[in-house]
Amino acid sequence: MISPRKIRIVYAKELKDILRDRRTLYSMILMPIILYPLLSIGMGALIGSQIEKVQAARQQVVILGEQHGPVIAAAIRDSDKFEILSPDSLHRGLLTLAARDSTLDRRVIGRLFTDEADAVPDSIRNLIFSRAVDERLMRAVVRIPPGFDAKVAAGDSVAFDILFDGSDTKSETAGDKLRDWAVAYRDSMVAATLDNLGLDDSVIKPFWINSANIASESRMGAMILGMLLPYMLLILLIVGGMYPALDLTAGEKERNTLETLLAAPLSRFDIAAGKFLTTFTAAMVSMVLALISMTLTAKYGFASMAKGQIAVSLSADSVFWLLALMVPAATMFSALMIAVAISAKSYKEGQSYLTPLLMLVILPSMVSFIPGFELTNGLLFVPVVNLCLTLKEVLMGTYKVWRILVVFGTTSLYALFALYVAQRIFERESVLFRT
Amino acid sequence: METAISVENISKYFTDKKRGLIKAVDELSFRCDAGSIFGLLGLNGAGKTTTLRLLATMLWPTFGTAKVAWFDIVKQPEKVKANIGFLTGNTGLYLRLTPREIIAYFGKLAGMDNVSLKSRSDRLIDMLDMGEFADRRIDKLSTGQKQKTSIARTMIHNPPILILDEPTIGLDVLTSRAIVQLIRDAKNEGKCVILSTHMMHEAATLCDEIAVIHEGRMRTQGTLTQFREKYGKENLDDIFVAILENGGSR
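Top line first, the protein sequences correspond to chains A and B.
For the first sequence, the residue numbers in the working numbering are 1 to 435.
For the second sequence, the residue numbers in the working numbering are 1001 to 1250.
Below is the structure:
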């Protein structure tokens, strides 16, 4: 027998109960509001400043064979972009290393610093220099081969080697900067040669390349939001509802209060419905709070991060469709969490059951990060993936109403099925009295 | 006297992965009258809790049925629940609510209107001397105060039948006294009380009639005087052991 009045009584009591718990306040209210903005701004600022730091820093570079190209070597020094270390210091450092590490051969190391360096196989050379990067002896090596100046003067083409370790951020930056510098230096040599011949720059530059990003600021903002928000919001539905779902089911078993409720004059359906509605409410509140706080974060946070003043705005239509889609999504997750949590003996056991469920949502939600992964007709029916991709379209304003309705419909069907399962589990004596 | 509970051939079987079919309650029949106290006696695992849970409609019988307060436990479970007060020795309470809120919650679930709920709740709080802590959260209360709250919660809708599963287990002397007082008061008010225990002396001091069950089946049923005559023993524990040893014909 279903009694809306009794469901309301249970719902009101459960809400009051969980709202008096500090843990709920953390997971349902404080966390969605505070944590994500802090994280994204904090991380953004940290990454941003770190990148700038690495760019601005002068990386340690060793020039081998300086005597073969004193002009270009001097130009590297003059650029003031690098801290030039002497080959001797690197050599000494490597020998110290070899004393501890028998895989490094002292004679091979010695040869790298002579004109016969080419006799050392590349793989062994790379290994040795990689170790040097690991040990922070230097970040990159420039090698000027014998006869460099002479060949350049004669108009012969000659190699200019830059060695860096891409697995080390600072080394990679040093490599990039060295290449950029070398290209610019070569261009200046070409320009000087052309000038000597009385020719214009346009001889080697028949046209200019202008590439412009024509996306408006709001489109760029929407793209960033579209990538992050669906993922975050779906996870927050789970995180927000997880605590009440656990506390009101497994928690009640653990505290011996469920028995009393089962002996009270209301049906199991009423109990399950009241608990489901409480979980649903918590999930929705969390999600809406996070949406508000993240929109604000995006507006102010991302702007400072990207330095390009990316404007973020959600249209009223987008907000409407987003919230509409969240209703069946929250229903589905809440019912599933209740169904799983009531099966557990204790709060702790429930937590370990719900963690895999969270993973089941996190993994498919990550599709919104995959570039070029779009909502195809087949994917319209895949749970969570369809939601995530539709939410992405809604946020980016590229949605089609019929697709939203299909996803809304399929998600509602899954939600109804989850509700049915939860209700059936609630009827099972072996589950309710499992202690 | 009027019959408040009549149990007819009720059985409850469980299936256990390791042990197979378990007959937790096996064709039990008995009656309890209004204005009397009925004791279910048995060892741990004898089927006492299952029997009481069946009467409280928390479990469904595999076979048979029972009438509790004139309602069938299978056909009208919610009517049954509205007429019982259910309490166990290790009943928990919602830690973040106050006694008054808990009492009100169960009163509302029993369908009471606000006016009668308020007056009944105030009276119970007064009677049980709970005024001092009625608006404090449960997690701040002592065991005795919690037990009083449980009693008030059980009695809020003034049920004609009380189902008490080992109501004094694990409680200190003072707290179990409050429960014993509740049971006596209920009897005097003409309520039917059915309680389970594995302590013979508790059953002896309280119960008008005692049923001893063992492995889900009824061993014997009667008054204490009848038992003393039948087994020729004075000591209650001796009688209990004698019943378990030779009372059965399984």
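The beta-carbon is built from N, C-alpha and C at its ideal position, and this holds for glycine as well.
Residue-chain proximity (residue i, chain A), Cβ-Cβ < 8 angstroms
i	result
Ala-1024(B)	no
Asn-1188(B)	no
Leu-1097(B)	yes
Tyr-1094(B)	yes
Asn-1090(B)	yes
Ala-1056(B)	yes
Ile-1010(B)	no
Reference residue i; option with closest CA among the options
i	options	result
Gln-423(A)	Lys-205(A), Asn-377(A), Met-332(A)	Met-332(A)
Lys-392(A)	Leu-322(A), Ser-171(A), Ser-430(A)	Leu-322(A)
Asp-201(A)	Ser-188(A), Ala-212(A), Asn-213(A), Gly-378(A)	Ser-188(A)
His-1201(B)	Phe-1240(B), Asp-1072(B), Arg-1184(B), Pro-1061(B)	Phe-1240(B)
Gly-1039(B)	Glu-1245(B), Lys-1187(B), Ala-1242(B)	Lys-1187(B)
Ser-293(A)	Thr-257(A), Met-1(A), Leu-35(A)	Leu-35(A)
Val-183(A)	Phe-160(A), Pro-32(A), Leu-199(A), Ser-49(A)	Phe-160(A)
Asp-1026(B)	Ser-1036(B), Gly-1045(B), Ala-1203(B), Gly-1035(B)	Gly-1045(B)
Lys-1079(B)	Glu-374(A), Pro-265(A), Ala-335(A), Pro-121(A)	Pro-265(A)
Leu-1128(B)	Arg-1153(B), Arg-1019(B), Thr-1065(B)	Arg-1153(B)
Ser-3(A)	Gly-251(A), Thr-103(A), Ala-273(A), Gly-409(A)	Ala-273(A)
Trp-1070(B)	Lys-1230(B), Glu-1002(B), Gly-1232(B)	Glu-1002(B)
Val-1007(B)	Ile-1151(B), Asn-1158(B), Asp-1072(B), Val-1212(B)	Asp-1072(B)
Alpha-carbon to alpha-carbon, residue j and residue i
i	j	result
Ile-72(A)	Val-141(A)	14 angstroms
Pro-146(A)	Ile-84(A)	20 angstroms
Arg-1031(B)	Glu-1209(B)	10 angstroms
Ile-1194(B)	Lys-1012(B)	19 angstroms
Glu-429(A)	Gly-350(A)	18 angstroms
Ile-310(A)	Val-319(A)	Low per-residue confidence applies at Ile-310(A): pLDDT is 44, beneath 50, and the placement is therefore not dependable, though the value from the model is reported in the following sentence. Between Ile-310(A) and Val-319(A), the C-alpha separation is close to 19 angstroms.
Arg-1250(B)	Arg-268(A)	With a pLDDT of 38 at Arg-1250(B), under the threshold of 50, the modelled position of that residue is not reliable, and no figure is offered here.
Gln-1145(B)	Ala-329(A)	43 angstroms
Gly-1085(B)	Arg-1228(B)	32 angstroms
Ala-303(A)	Asp-168(A)	Confidence in Ala-303(A) is poor, its pLDDT being 49 and thus under 50, which makes the residue's placement too unreliable to answer from.
Leu-137(A)	Ala-215(A)	44 angstroms
Val-125(A)	Thr-173(A)	Reading the sequence as shown, one finds Arg at residue 125(A) and not Val. Arg-125(A) and Thr-173(A): Cα-Cα distance of roughly 20 angstroms.
Leu-234(A)	Lys-205(A)	52 angstroms
Leu-228(A)	Phe-369(A)	7 angstroms
Ile-271(A)	Leu-277(A)	10 angstroms
Lys-1081(B)	Lys-1067(B)	12 angstroms
Leu-380(A)	Val-361(A)	16 angstroms
Leu-1041(B)	Gln-1221(B)	10 angstroms
Ala-245(A)	Ile-342(A)	8 angstroms
Ser-211(A)	Lys-16(A)	59 angstroms
Asn-1235(B)	Gly-1111(B)	46 angstroms
Tyr-185(A)	Pro-121(A)	29 angstroms
Gly-251(A)	Asp-21(A)	13 angstroms
Ala-153(A)	Glu-66(A)	16 angstroms
Met-305(A)	Leu-395(A)	Because Met-305(A) sits at a pLDDT of 49, beneath the cut-off of 50, its placement in the model cannot be relied upon, and the following sentence gives the value as read from the coordinates. When rounded, the distance between both Cα atoms is 20 angstroms.
Chain B contact for residue i (CB, 8 angstroms cutoff)
i	result
Arg-442(A)	Since the displayed chain A opens at 1 and closes at 435, residue 442(A) lies outside it and no answer follows.
Pro-32(A)	no
Pro-371(A)	no
Ala-272(A)	no
Ala-344(A)	no
Asp-495(A)	Only positions 1 to 435 of chain A appear in the structure, and residue 495(A) is not among them; the question remains open.
Ile-310(A)	Residue confidence for Ile-310(A) is low, a pLDDT of 44 falling below 50, so the modelled location carries little weight and cannot support an answer.
Pro-244(A)	no
Ala-250(A)	no
Met-28(A)	no
Pro-364(A)	no
Pro-230(A)	no
Asn-386(A)	no
Lys-6(A)	yes
Leu-266(A)	yes
Met-359(A)	no
Ile-9(A)	yes
Closer than 7 angstroms: residue i CB and nearest the ligand SAH heavy atom
i	result
Lys-170(A)	Although the ligand SAH was asked about, the structure shown includes no ligands whatsoever.
With a cut-off of 8 angstroms, do at least 3 Cβ pairs link the stretch 1081-1093 of chain B to the stretch 1126-1135 of chain B?
No, because fewer than three Cβ pairs between the stretch 1081-1093 of chain B and the stretch 1126-1135 of chain B fall closer than 8 angstroms, the two stretches do not touch.
Do the stretch 1159-1167 of chain B and the stretch 1042-1057 of chain B meet, that is, are 3 or more Cβ pairs less than 8 angstroms apart?
Taking 8 angstroms as the limit for Cβ pairs, the verdict is that the stretch 1042-1057 of chain B does touch the stretch 1159-1167 of chain B.
Segment contact, 8 angstroms Cβ cut-off, at least three pairs: the stretch 160-173 of chain A with the stretch 125-138 of chain A:
The stretch 160-173 of chain A makes contact with the stretch 125-138 of chain A, as at least three CB pairs between them are under 8 angstroms.
Output needed in chain order: residues of the stretch 1099-1121 of chain B with a Cβ under 8 angstroms from some Cβ in chain A.
Answer in chain order: Glu-1101, Tyr-1105, Phe-1106, Lys-1108, Leu-1109, Ala-1110, Gly-1111.
Give me the subset of the stretch 1059-1088 of chain B whose CB atoms are less than 9 angstroms from a CB atom of chain A, sorted by chain position.
Leu-1059, Trp-1060, Pro-1077, Glu-1078, Lys-1079, Val-1080, Lys-1081, Ala-1082, Asn-1083, Ile-1084, Gly-1085, Phe-1086, Leu-1087, Thr-1088
Taking beta-carbon pairs under 7 angstroms, can you tell me which members of the stretch 191-222 of chain A lie near chain B?
Here the close residues number zero.
Between the stretch 13-28 of chain A and the stretch 232-242 of chain A, do at least 3 Cβ pairs fall closer than 8 angstroms?
yes
Report the residues of the stretch 416-433 of chain A with a CB closer than 7 angstroms to any CB of chain B, ordered along the chain.
Glu-429
Would you be able to state if there are at least three C-beta pairs under 8 angstroms between the stretch 1171-1189 of chain B and the stretch 1092-1099 of chain B?
no
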